[in-house]
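Engineer: Sharing a structure below in structure tokens format, with a few things to ask.
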Amino acid sequence: MPAEIVTVPCLTDNYAFLLHDAGSGACAVIDVPEAEPVIAALDARGWRASHILITHHHADHVQGVSDVAAATGAVVVGAAADAHRLPPLDRAVAEGDRIDVGGIQLEVIEVPGHTLGHVAFDAPAAGAVFTADSLMALGCGRLFEGTPAQMWSSLMKLAALPDDRLVCSGHEYTEANARFALTIEPDNPELRRRAAEVHAARAAGRPTVPSRLGEEKATNPFLRAHLPQVKRALGMEGADDVAVFAEIRARKDRF
């Protein structure tokens, strides 16, 4: 039986996700920015949350966890490294651990950078990876706690996944990210096409998340810091990949 993924808009520009296993009826909620939209999305489909998977400790990803857990009895899962600053966990996980949501298995990938304890959840059987504020649509999260080297390493872990993976990231920042990306690679035809599609989607009120990993690798400047043409565009020929990534991140922070 197939997996089903539902994108749930929350707050002003956050997303939660539902991952439902049709065979067993199990359903994971990935991040809970606020409880009401998540509970409404579950109720509208007749689903019950069996798991809540937390990517990182920021309030705009966890402040609804306790209410959804209380309403559903879901098992709350999050990073062992961040257990001291997450909502109470039923299961603490680390790199390589696996979580079974009915017939769907998710693997934990540690992706420090945005925060030190950030994790992503890869679900090969569903063809999706839940990345929150690590890899984002045409972007990546600010480095609030980690270093450029940590974030670059995290992004390269994610980039090694199959190109057809759905990247389920945590915010609707894509249009602004596209404007910035065009300052790095204004002549990238794939980026120009994607920027136009993103603008049209937002004008029509459609979400731009999730995206495909292959498309991110072709257009997202934060995944392209190793490429000669990007280094050349920045006047950083010969620089190492981390230094180029750090420059791109610094430019985005000022954008």
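Going letter by letter, the sequence shown gives residues 1 to 255 in UniProt numbering.
We treat Cβ as the ideally placed atom computed from N, Cα and C, and that holds for glycine.
So within the segment 100-135, which uninterrupted alpha helix (DSSP H) runs reach at least 4 residues, ignoring any that extend past its ends?
Structural biologist: Whole alpha helix (DSSP H) segments, 4+ residues: zero.
Engineer: By the DSSP assignment, the beta strand (DSSP E) with Asn14 in it spans what residues?
Structural biologist: Along the sequence shown, one-based indexing puts residue 14 at 14. Element bounds for Asn14: Asn14 to Asp21.
Engineer: I believe His56 touches Asp122 by the beta-carbon criterion, under 8 Å. Please report the beta-carbon distance rounded to the nearest angstrom.
Structural biologist: For the purposes of this step, residue 56 is taken as residue 56 along the sequence shown, with counting starting at 1. For the purposes of this step, residue 122 is taken as residue 122 along the sequence shown, with counting starting at 1. Rounded, the Cβ-Cβ distance is 16 Å, inconsistent with contact.
Engineer: Who does Glu4 pair with in a DSSP beta bridge?
Structural biologist: As a working mapping, residue 4 is identified with position 4 in the sequence shown. His20, per the DSSP bridge assignment.
Engineer: If you follow the beta strand (DSSP E) that Ser169 is in, where does it begin and where does it stop?
Structural biologist: Mapped onto the sequence shown, residue 169 falls at position 169. Here the beta strand (DSSP E) through Ser169 covers Leu166 to Ser169.
Engineer: Any idea if Thr12 is buried or exposed, counting beta-carbon neighbours within 10 angstroms, 16 or more meaning buried?
Structural biologist: Stepping through the sequence shown from its first residue, residue 12 is reached at position 12. Exposed: under 16 other Cβ atoms inside 10 Å.
Engineer: Take every Cβ of the segment 175-194, pair it with every Cβ of the segment 146-158, and state whether three or more of those distances are shorter than 8 Å.
Structural biologist: No contact exists between the segment 175-194 and the segment 146-158.
Engineer: Who pairs with Val75 in a beta bridge, going by DSSP?
Structural biologist: Taking the first residue of the sequence shown as position 1, residue 75 is located at position 75. Per DSSP, His51.
Engineer: In three-state DSSP terms, what is Val38?
Structural biologist: By 1-based counting over the sequence shown, the position of residue 38 is 38. Val38: helix per DSSP, three-state reduction.
Engineer: Quick one: is Ala137 buried, meaning 16 or more other Cβ sit within 10 Å of its Cβ, or exposed?
Structural biologist: Translated into positions along the sequence shown, residue 137 becomes position 137. That one is buried.
Engineer: Excluding the 5 residues flanking Asp164 on each side, which residues of the same chain have their C-beta closer than 8 Å to its C-beta?
Structural biologist: By one-based count along the sequence shown, residue 164 stands at place 164. Gly127, Arg212, Leu213 and Gly214, listed in sequence order.
Engineer: How is Arg206 classed by DSSP in three states: helix, strand or coil?
Structural biologist: The sequence position of residue 206 within the sequence shown is 206, counting from 1. Arg206 falls in the coil class under three-state DSSP.
Engineer: To which residues of the same chain is Leu53 closer than 8 Å at the C-beta, ignoring the five residues directly before and after it?
Structural biologist: For the purposes of this step, residue 53 is taken as residue 53 along the sequence shown, with counting starting at 1. Once the five neighbours on either side are set aside, the close Cβ partners of Leu53 are Ala28, Val29, Ile30, Asp31, Val77, Gly78, Ile99, Leu106, Phe121 and Phe130.
Engineer: Which residue wins for smallest C-alpha separation from Pro33, given the options Lys252, Pro87, Ala44 and Ala83?
Structural biologist: The count along the sequence shown starts at 1 and reaches residue 33 at position 33. Nearest of Lys252, Pro87, Ala44 and Ala83 to Pro33, Cα basis: Pro87.
Engineer: On the premise that Val242 lies in contact with Ala159, defined as a C-beta separation below 8 Å, what is that separation, rounded to the nearest angstrom?
Structural biologist: Numbered from its first residue, the sequence shown carries residue 159 at position 159. Numbered from its first residue, the sequence shown carries residue 242 at position 242. Contact flag wrong, Cβ pair sits at about 14 Å.
Engineer: Can you list, in chain order, the residues of its chain with a C-beta nearer than 6 Å to that of Ala226? Leave out the 5 residues immediately preceding and following it.
Structural biologist: Within the sequence shown, residue 226 is the residue found at index 226, counting from 1. For clarity, residue 226 is His in the given sequence; the question names Ala instead. Answer for His226: Asp241, listed in chain order.
Engineer: Out of Ala81, Leu19, Leu223 and Lys231, point me to the one whose CA is closest to Leu161's CA.
Structural biologist: Stepping through the sequence shown from its first residue, residue 161 is reached at position 161. When each option's Cα is compared against that of Leu161, the closest is Leu223.
Engineer: Where Val8 and Val198 are concerned, what is the direct C-alpha to C-alpha distance, given to the nearest angstrom?
Structural biologist: Here residue 8 refers to the residue found at position 8 when the sequence shown is read from its first residue. Here residue 198 refers to the residue found at position 198 when the sequence shown is read from its first residue. The alpha-carbon atoms of Val8 and Val198 are separated by roughly 18 Å.
Engineer: His114: buried (16+ other C-beta within 10 angstroms of its C-beta) or exposed?
Structural biologist: Mapped onto the sequence shown, residue 114 falls at position 114. Its Cβ being crowded by 16 or more others within 10 Å, His114 is buried.
Engineer: Output yes or no for whether 8 Å exceeds the beta carbon distance between Glu216 and Leu116.
Structural biologist: Taking the sequence shown and counting its residues from 1, the one referred to as residue 216 is at position 216. Taking the sequence shown and counting its residues from 1, the one referred to as residue 116 is at position 116. No, the Cβ-Cβ distance between Glu216 and Leu116 is not below 8 Å.
Engineer: Report all residues from its chain with a CB closer than 6 Å to the CB of Lys252; omit the five preceding and five following residues, and keep chain order.
Structural biologist: By 1-based counting over the sequence shown, the position of residue 252 is 252. Excluding sequence neighbours, Lys252 sits near Phe180.
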